[in-house]
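Undergrad: Residue numbers (the numbering used here): 1 to 114.
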Amino acid sequence: MLRESFEVKDLGEAKFMLGIKITRTANGYSLDQYSYIEKILKKYNYFNCKPACTLYDASVKLFKNTGDSVRQSEYANIIGSLRYARIILYQTLHMSWDCLVGLIAVLVESIGML
Numbered sequence: 001m002l003r004e005s006f007e008v009k010d011l012g013e014a015k016f017m018l019g020i021k022i023t024r025t026a027n028g029y030s031l032d033q034y035s036y037i038e039k040i041l042k043k044y045n046y047f048n049c050k051p052a053c054t055l056y057d058a059s060v061k062l063f064k065n066t067g068d069s070v071r072q073s074e075y076a077n078i079i080g081s082l083r084y085a086r087i088i089l090y091q092t093l094h095m096s097w098d099c100l101v102g103l104i105a106v107l108v109e110s111i112g113m114l
């Protein structure tokens with residue numbers, strides 16, 4: 001048993017996991033990454049920008065940007081950070097529930113809570 005080998009402390013319900021905020025609601029749980037996204041936007045000075053619909057329209061002809069540009073490395077960092085947020089949330093939501101329930105059962109049993 002873990003309790004016999006290690007000092008175990010109940011920290012209560014998780015509030016954050018892998019940068020994802022976990023909130024209990026009347027209908028279950030809510031997951032959001034607002035704080036992570038906010039951190040990215042502030043880091044690159046885009047926090048006060050207005051959101052816009054950016055669906056791709058194949059009929060629109062694209063032209064070379066003649067206005068202010070973003071350094072390629074900065075753009076890659078921003079996109080990489082946002083992709084990371086999407087991937088982490090996707091993987092968290094699609095984790096096998098059977099595996100998760102089994103893991104919780106093993107952990108709870110091992111610390112003597114059953």
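Quick reminder that beta carbons are idealized off the backbone N, C-alpha and C, glycines included.
(1) What residue from 28, 62, 19, 75 has the CA that sits closest to residue 45's CA?
(2) Within 8 Å, do at least three Cβ pairs link the region 50-64 to the region 23-42?
(3) May I have the straight-line CA-CA distance separating residue 114 from residue 104, to the nearest angstrom?
(4) Does the beta-carbon of residue 48, which I'm using as the reference point, lie nearer than 7 Å to any heavy atom of the ligand ADP?
(5) With distance defined between alpha-carbon atoms, name the residue in 15, 52, 67, 6 nearest to residue 35.
TA: Inspection of the coordinates gives the following:
(1) Within the sequence shown, numbered from 1, the residue matching residue 45 stands at position 45. The shortest CA-to-CA distance from residue 45 to any of 28, 62, 19, 75 is the one to 75.
(2) Counting C-beta pairs with one atom in each stretch, the region 23-42 and the region 50-64 have fewer than three that are closer than 8 Å, which means they do not touch.
(3) The count along the sequence shown starts at 1 and reaches residue 114 at position 114. The count along the sequence shown starts at 1 and reaches residue 104 at position 104. With a pLDDT of 45 at residue 114, under the threshold of 50, the modelled position of this residue cannot be trusted; read the value that follows with caution. Whole-angstrom Cα-Cα distance: 11 Å.
(4) In the structure on display, the ligand ADP does not appear, and there are no ligands present to speak of.
(5) Your numbering for residue 35 matches position 35 in the sequence shown. The residue with the shortest Cα to Cα distance from residue 35 is 15.
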